[in-house]
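Inspection log for the structure reproduced underneath, given as structure tokens.
Protein chains in written order, with the UniProt record's numbering: chain H, 1 to 424; chain Y, 1 to 424.
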């Protein structure tokens, strides 16, 4: 279920060990059976051997951690959240069709495999990630609704890609929404992530043009002793009720079954991507007590206002001394609870974003919301419908863009992502 | 010289140790004599004690590392480069003068001290950094040329703040240049840095308004085994010739002497801040060989084209078989070399930036150049004058904004940054 992730032991060679090899540092990841040697000995970055020994320290697990590209599912879905992320949508260039798309997905898959192994993208690599380890880099590919008509593959378009319904609270910028193709990049190092983004854009060549692109971030590994408790830019604990890979129904909720429909989406998932602006100037003026009433949880611990700990189920019937509901009727935690939504569930795996100051002078920051589900009509849509009607949080957020993408299962060795669709 | 930086041992308590306390995790930093207890026991973040033990892991040094606020110099100058940075300029509000500025710098200093110790900003803290360690947070304050007339302090304005000369290659956006006040924030965790930025903005209250704000990043600690060898988004090794705190003349070049002029700048430094856009689409099309001729160094190792290692002095007279100079006459490494600039030296401590796609469809990325020197007329100015005339790199970069700020020495306990200026 979770991505195969190999953790190489931190190299503990001290200053006396000259010429620590990047290849050596990441070359011990072979326990998973993916031999780096397959890339070809000449293809790796040369070691910056000229660096003085006293300038060398060990690559920690932050840099050495490597996620496997090949697998049942694509990486970047159950991979632990990364410190830096990019999402980018492309539209096929005029004249490009199924053949060009197939060649592009083959190029992209080969690049993703190399970069996720810590290798250069190719002979013309930009060197931006040189000296760095894979840093848990993941590259994930998806197809948007408009892709299928442009490639003559309408019959292969999943019903799950039908446009999302309009929501009352939507303020969507079409130029920053949807797209033929979607790529999600995540890594625990900003230069590794940027390097991958440029390589993916370069691979697009004349076949596809960038439609929109966004940057995000999460906690750095090691910054907190509570890594499961992500916080967003409102200061809230976020992700408490996320399905966990250990849940019995996790696969069923998040991934299209191997026998699912259409065939090419076997073991795939659907991603809903929304730029959710947070109106932080308003939010921060509320004060902690009022914020807790909006959310229905304690800011400090994420525990429901009805008591317990972060993982305690809220007691939605509990009343206070005056007879009022302790978890207010419009509290976000009440409205978004899975058992209030017919069991709908999605795996939220967001990044925060902060793009400086907006034209109106307020801070342009919020949540780059990315959620994963086997079926958007049983994941994002019913939850958002409920939130759209009565969520107290609504007045402090604004959905500014939206995308829905079909993310096929993982590629096998020698294959590429989307091959069953494009050659099926 | 270097900031006093305390490194707490990584807490190795395993899953069996319930309720790991953030206070405990950072509370061992007392070796430097700065007692966290001074903040008051009630002021610290409450521990998210409700978190299940299996969700707790140790804060690594990334989170636990703490930089001291008080000292001879302000933090954020010789502090190792951090993974995330914000720079923000403020203009005093209409009607605000010396008194309001003094109160603001007092608030800011108190907030910086608390945040750099891993404490909340105050009772109305946003909680965005809750659960996280200080993560090497630094907050650094400076004054721009325009500050002095607005506060009736013209006589205290250093000559070193006289406007920088115009450079041929400047394409400066005045709205994103200069400002009365400047704050630099850096941390190894993005949420810790964002939290500090919001707290600093909130403190400004009615006394000052944001003029411009920019975000940047560097490598995450541990992503590379060559931490001294920073790379920029062109893929170049950057910072090779930076003065080092161990150099005999480091203090003289970077800091105003204790007996310097004006008095209030004793132990201070001057920061030049430039948003240098990289024309990456053009640059990446050049190919590695041509890029190396532009820079005069090997991309892989940073070694001069005349041979040796990254730290070898370039042999500027060396010629190739055809009689041509091996390090081209207009190579960046030749023109920017200190001994070609009358010994001018500055400490470059930049962040990279990446703000997505610009209006013209190209990538909006480059270097958030920040350099430090005792005197800009002997640091940035002579180097930039030479680069402005003949640097082969010029056609691949564009200076889009510029600021020059006087950054006073560090505050002592009980005092605040700029006190000698504002109460002198």
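From the three backbone atoms N, C-alpha and C, an ideal C-beta is built for every residue, glycine too. Just so we're clear, the structure is a prediction, and the values are computed from it rather than from any experiment.
Going along chain Y in order, which residues have a C-beta closer than 9 Å to the C-beta of residue 284 of chain H?
Here the neighbours are 124, 126, 198 and 202.
Would you call residue 126 of chain H buried or exposed, if buried means 16 or more other Cβ atoms sit within 10 Å of its Cβ?
That one is buried.
In the DSSP assignment, find the unbroken beta strand (DSSP E) run with residue 81 of chain Y in it and report its ends.
Counting along the chain, residue 81 of chain Y falls outside any beta strand (DSSP E), and DSSP gives it neither H nor E.
Checking contacts by CB at 8 Å: is residue 357 of chain H closer than that to chain Y?
Yes, its Cβ sits closer than 8 Å to a Cβ of chain Y.
What do you get for residue 171 of chain Y, buried or exposed, if any count of 16 or more other CB atoms within 10 angstroms of its CB means buried?
Looking at its Cβ environment, which holds fewer than 16 other Cβ atoms inside 10 Å, residue 171 of chain Y is exposed.
Let's test the definition: count the other Cβ atoms within 10 Å of the Cβ of residue 412 of chain H and tell me whether it reaches 16, buried, or not, exposed.
Classification of residue 412 of chain H: exposed, given that the 10 Å Cβ count is below 16.
For residue 173 of chain Y, which of Y/408, Y/400 and Y/420 has the nearest alpha-carbon?
Residue Y/400 is the option with its Cα nearest to residue 173 of chain Y.
In chain order, what residues of the same chain lie with their CB nearer than 6 Å to the CB of residue 378 of chain H, ignoring the 5 residues before and after it?
Here the set comprises 344.
For residue 75 of chain Y and residue 410 of chain Y, I'd like the C-alpha separation in whole angstroms.
Taking the straight line joining both Cα atoms gives about 7 Å.
Whose CA, out of Y/88, Y/80, Y/422 and Y/161, lies closest to the CA of residue 187 of chain Y?
Taking only the C-alpha atoms, the option nearest residue 187 of chain Y is Y/80.
Indicate whether residue 380 of chain H and residue 272 of chain H have their beta-carbon atoms separated by less than 8 Å.
Against a cut-off of 8 Å, the Cβ pair of residue 272 of chain H and residue 380 of chain H comes out as a contact.
Let's test the definition: count the other Cβ atoms within 10 Å of the Cβ of residue 313 of chain Y and tell me whether it reaches 16, buried, or not, exposed.
Exposed, by the Cβ-count rule.
Could you say if the region 414-422 of chain H and the region 357-367 of chain H meet the contact criterion of at least three C-beta pairs nearer than 8 Å?
Taking 8 Å as the limit for Cβ pairs, the verdict is that the region 357-367 of chain H does not touch the region 414-422 of chain H.
Give the range of the alpha helix (DSSP H) segment to which residue 252 of chain H is assigned.
Where residue 252 of chain H is concerned, the enclosing alpha helix (DSSP H) stretches over 250-254.
Out of curiosity, what's the CA-to-CA distance linking residue 166 of chain Y and residue 232 of chain Y?
Between residue 166 of chain Y and residue 232 of chain Y, the C-alpha separation is close to 25 Å.
Less than 8 Å between CB atoms is the rule here; does residue 415 of chain H satisfy it with respect to chain Y?
No, because no Cβ of chain Y sits closer than 8 Å to the Cβ of residue 415 of chain H.
List, in order along the chain, the chain H residues whose C-beta lies closer than 7 Å to that of residue 189 of chain Y?
Near residue 189 of chain Y (Cβ distances below 7 Å), the residues of chain H are 219, 220 and 223.
When Cβ atoms are compared, which residues of the region 324-336 of chain H fall closer than 7 Å to chain Y?
Cβ contacts with chain Y come from no residue of the region 324-336 of chain H.
Give me the Cα-Cα distance between residue 1 of chain Y and residue 226 of chain Y, rounded to the nearest whole angstrom.
With a pLDDT of 39 at residue 1 of chain Y, under the threshold of 50, the modelled position of this residue cannot be trusted, and the question is left open.
Does the distance from the C-beta atom of residue 219 of chain Y to that of residue 189 of chain H stay below 8 Å?
In this structure, residue 189 of chain H lies closer than 8 Å to residue 219 of chain Y by Cβ.
Name the chain Y residues that come within less than 7 Å of residue 213 of chain H, Cβ to Cβ?
In chain order: 356 and 357.
Taking the straight line between their C-alpha atoms, what separation do you get for residue 73 of chain Y and residue 230 of chain Y?
Approximately 24 Å, taken between the alpha carbons.
Roughly how many angstroms lie between the CA atoms of residue 310 of chain Y and residue 407 of chain H, to the nearest whole one?
Taking the straight line from one Cα to the other gives about 44 Å.
Measure the C-alpha to C-alpha separation of residue 16 of chain H and residue 136 of chain Y and round it to an integer number of angstroms.
Confidence at residue 16 of chain H is low in this model, with a pLDDT of 31, below 50, so its placement is unreliable and no value can be given for it.
Leaving aside the five residues before and after residue 320 of chain H along the sequence, list all residues of the same chain whose C-beta is less than 8 Å from its C-beta, in chain order.
Correct list, in chain order: 326.
I'd like to know if the region 363-377 of chain H and the region 138-149 of chain H are in contact, where contact means that at least 3 CB-CB pairs between them fall below 8 Å.
Judged by Cβ distances under 8 Å, the region 363-377 of chain H makes no contact with the region 138-149 of chain H, as fewer than three pairs qualify.
Please decide whether residue 401 of chain H counts as near chain Y, where near means a Cβ-Cβ distance under 8 Å.
Not an interface residue.
Taking contact to mean at least 3 C-beta pairs separated by less than 8 Å, is the region 193-211 of chain Y in contact with the region 88-96 of chain Y?
With a cut-off of 8 Å, the region 88-96 of chain Y and the region 193-211 of chain Y count as touching, because enough Cβ pairs lie within range.
In three-state DSSP terms, what is residue 247 of chain H?
Note: residue 247 of chain H maps to coil in three-state DSSP.
Are the region 295-311 of chain Y and the region 236-243 of chain Y touching, with three or more C-beta to C-beta distances below 8 Å?
At 8 Å Cβ cutoff, the stretches touch.
Please confirm if residue 244 of chain H has its CB atom under 8 Å from at least one CB of chain Y.
It does not: the Cβ of residue 244 of chain H has no partner Cβ on chain Y nearer than 8 Å.
Spell out the partners DSSP gives residue 304 of chain H in its beta bridges.
DSSP, once it has assigned bridges, lists H/297 as partnering residue 304 of chain H.
Are residue 254 of chain Y and residue 369 of chain Y closer than 8 Å when you measure CB to CB?
It is not a contact, given that the beta carbons lie outside the stated cut-off.
Quick one: give me the first and last residue of the beta strand (DSSP E) that residue 354 of chain H is part of.
Where residue 354 of chain H is concerned, the enclosing beta strand (DSSP E) stretches over 351-357.
Excluding the 5 residues preceding and the 5 following residue 113 of chain H in the sequence, name in chain order all residues of the same chain whose CB lies nearer than 6 Å to its CB.
These residues qualify, in order along the chain: 69.
How is residue 396 of chain H classed by DSSP in three states: helix, strand or coil?
DSSP places residue 396 of chain H in helix when its eight states are reduced to three.
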